[in-house]
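A.B. asks: Input: one structure, supplied below.
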Amino acid sequence: MVLGHRKNSLASHSNRSSTEEARDSDVGEDVEIVNAEQGNVLTHIISQLRPGADLSRVTLPTFILEPRSMLERITNFMAHPELMLPIPTIDDPIQRFVAVTKFYLSGWHIKPPGVKKPLNPILGEVFTGYWGYPDGTKGYYISEQTCHHPPKSSYFFMAPEHGIRIDGTLKPRSKFLGNSVGSFMEGIAVMTFLKRNERYLKTPSANRDTRSFITQPNMYARGILFGKMKYELGDHAVVRCPESGLEADIEFKVKGWMGGTYNAIGGFIKDSKTGKNLFELSGLWHEEMYIKDLTTGKKDLLFNASTAKPSIVQARPLNEQSPRESQRLWDTTTKAIKKADQKTATDEKSRIEDEQRKEAAERGEDTTWQPKLFRAAPPGDEENLDWVIDAKVDSNASPDQQVKQILAIAPILPGQQSQSQGQSTSQAQQDRDPREAQQGQFQQQSRDLPPQAQQQAQQMQPQQMQPQQMQPQQGVQRQEQRAEGNELIDFGQHDGASTASGAAVAGQYMSSASSMQGQQGKQMAGMSNRDDLAAHMGNVSITPQQPQMQQQTQQRAGGEAGAGTSSGSGPTGWKPGMPVKRMNSIGNEETFVDAES
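Just so we're aligned, residue 1009 is where the sequence shown starts under our numbering, counting upward by one.
Structure (structure tokens):
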């Protein structure tokens, strides 16, 4: 079955998209003419390299950069909802797989003219966005740069009402190949149809899932030293469904020296259980692609990229984004690139990269970076994702509940920042052990402090947790332990007020400062309020707390002093196992029994 093209326009329009200006000519010529000055810059850079050299640490000139981050560019693969949304409703597994293959091939034509490379995301950079669909539903996208050397971009997409979920980690490696530069797109994407009654993998919800594993072709920039610069896709990509045994092996063909055609594809869809080829794929990925049924001999148009109109991801306005969100982070750089103001683009890009190096130096080599929105994949990561979203989005929950769980991970929709502040962690905290929630909140929020303040905040945590017999949880070990349970994971917001909220959390632990050893603890213990403490911990700017949050902070601080100190400073006569009343994150009183001594 070949799905028809979309006839409806999107229900919601753009708030802001950094790619709208470039998309008017997204199927334009893939050739770029480099002038003499630009050629000298490229030659100077390349002359210092040898074939096979890793380019991940090489600063490339801004005139070959696309004005958006790689985190945003990944959304190309969700840009044709008219092909994606009907797939779970197809009952025949073979035709469903054909539809997945068609959807996969539909994203490659979306690119700016010429030879352009997206901006390398900095460590901890975040991009979130959404699509409004004609039926009134939405698709939600969350991504983060989870590693910088080597670069890893992790992402999560879900359309709850349609039962579609995509998890992935992209791991590009760039190498100098003489007159070409190759970007080898390692990593994998897992597309899950939650409502199909088929089984894959031995995981808690897998008996309701159908999953397709997807890899990507490599990208090449030809003619960087002589000739015209040309963009090509090359090598093989694979789409496979372990449950059905179907597999598509797609070759993106590069043009040969003596002949051939640019942008050609070829390949087969086969039944891996029998080894029988079922369909043949052919055509041009930037124009028309065809599928031939090898049983009947009938050949049909699979997808026409030259007439297809992509649906561009929408993002919150810049004034609602935090400083580390892609569009705000690179705003000055991307504006300069669009204006061909190479000096401003280069200066701003260098400033951001220098700040990142400074942060890395302050963290030190012994400090492991912890992403805000993703956690390390659990042991035995059969999907090879490396990182997965640090939240449980229940595949058995209603779409409305799934939407709430997704929006609790990070701000996605316009206006969500102000609506969710102070409420984002409430559901997660109710479904978790209060001690774990409090410890997780401290760890999560302290990441938003400057590097020196992070180290001081982390020094505070162990002393506070020891009286409650909390076991140290660090790095991957802590995250894997979370993955084994079915509880909701710490849904922390990371908006512009995150540094203030991090300081507020640190203020909750002032009551334990007197128990610290050394001059650091004495100095913090003598401070009169959380503002003094925050100022000590990296000159963090403070915004006033809401009265409700102030009451919550006071209640928690008092509870911790009672439950966590041996001096008996808490409620009179309290002993381990006795209930303690506290105020939860939404202002309601709850009773907590601490069974530990």
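Ideal Cβ positions, reconstructed from N, Cα and C, are used throughout, including at glycine.
Keep in mind it's a predicted model, so treat the numbers as computed, not measured.
(1) Give the straight-line distance between the Cα atoms of I1150 and F1135, rounded to the nearest whole angstrom.
(2) Alpha carbon to alpha carbon, how far is E1169 from Q1413?
(3) Tell whether a beta-carbon distance below 7 Å holds between F1165 and P1096.
(4) Give the DSSP bridge partners of R1230, in chain order.
(5) So L1113 is in the alpha helix (DSSP H); what residue range does that whole segment cover?
(6) Within a Cβ cutoff of 7 Å, which residues of the same chain sit near R1332, ignoring the five residues on either side of it in sequence?
(7) Ends of the beta strand (DSSP E) at A1272?
(8) Can you say whether L1326 is buried or exposed, counting buried as having 16 or more other CB atoms within 10 angstroms of its CB?
(9) For P1096, name the three-state secondary structure that DSSP assigns.
(10) Any beta-carbon of chain C closer than 7 Å to the one on S1358?
(11) Check whether the segment 1176-1196 and the segment 1405-1412 are in contact - that is, three or more C-beta pairs closer than 8 Å.
(12) Which first and last residues belong to the beta strand (DSSP E) in which M1297 is found?
(13) Check whether the Cβ atoms of P1129 and Q1103 sit closer than 7 Å, and answer yes or no.
(14) Out of G1122, I1196, S1252 and C1155, which has the shortest C-alpha to C-alpha gap to E1240?
(15) Identify whether T1269 lies in helix, strand or coil by the three-state DSSP scheme.
(16) Out of curiosity, what's the CA-to-CA distance linking M1307 and A1348?
(17) So, helix, strand or coil for K1284, using DSSP?
(18) When DSSP builds the beta bridges, which residues end up paired with I1174?
(19) Grab me the residues of G1231's own chain with a C-beta within less than 7 Å of its C-beta, minus the 5 sequence neighbours each way, in chain order.
(20) Would you mind working out which of F1234, L1254 and R1204 sits nearest F1221, comparing C-alpha positions?
(21) Inspect the beta-carbon positions of H1606 and N1312 and report whether they are closer than 7 Å.
(22) Between the Cα of G1176 and those of P1387, G1140 and I1082, spot the shortest distance and give me the residue it belongs to.
(23) Taking the Cβ atom as the reference point for each residue, do G1283 and E1259 lie within a distance shorter than 7 Å?
(24) Could you please give me the residues that DSSP links to T1083 through a beta bridge?
(25) Could you work out which residue in A1418, T1341, M1297 and R1371 is closest to P1126 when comparing CA atoms only?
(26) Are there 16 or more other CB atoms within 10 angstroms of the CB of D1100, so buried, or fewer, so exposed?
(27) Do you know whose CA, among E1288, E1080 and R1359, lies nearest R1302's CA?
C.D. replies: Once the coordinates are examined:
(1) 6 Å
(2) 13 Å
(3) no
(4) Residue pairing by DSSP places R1230 opposite S1188 and K1238 in a beta bridge.
(5) P1101 to L1113
(6) If you ignore the 5 residues before and after R1332, its C-beta comes within less than 7 Å of the C-beta of G1132, E1133 and V1134, all in its own chain and listed in chain order.
(7) A1272 to D1279
(8) exposed
(9) helix
(10) You won't find chain C in this structure, because it holds only one protein chain.
(11) A contact is defined here as three or more CB-CB pairs under 8 Å, and the segment 1176-1196 fails this definition with respect to the segment 1405-1412.
(12) E1296 to D1301
(13) Contact flag unset, no.
(14) G1122
(15) Here T1269 sits in coil by DSSP.
(16) The sequence given here has Lys at residue 1307, not Met. Spanning the two alpha carbons is a distance of roughly 45 Å.
(17) strand
(18) In the DSSP output, where bridge partners are listed per residue, I1174 has F1165 and M1199.
(19) N1187, M1237 and K1238
(20) L1254
(21) Because residue 1606 is not part of the residues shown, which for the chain are 1009 to 1605, the question remains open.
(22) Closest option to G1176, judged by alpha-carbon separation, among P1387, G1140 and I1082: I1082.
(23) In this structure, the beta-carbon distance from G1283 to E1259 does not fall below 7 Å.
(24) Answer is none; T1083 lacks a bridge partner.
(25) T1341
(26) exposed
(27) Arg is not the amino acid found at residue 1302; the sequence shown has Leu there. When each option's Cα is compared against that of L1302, the closest is E1288.
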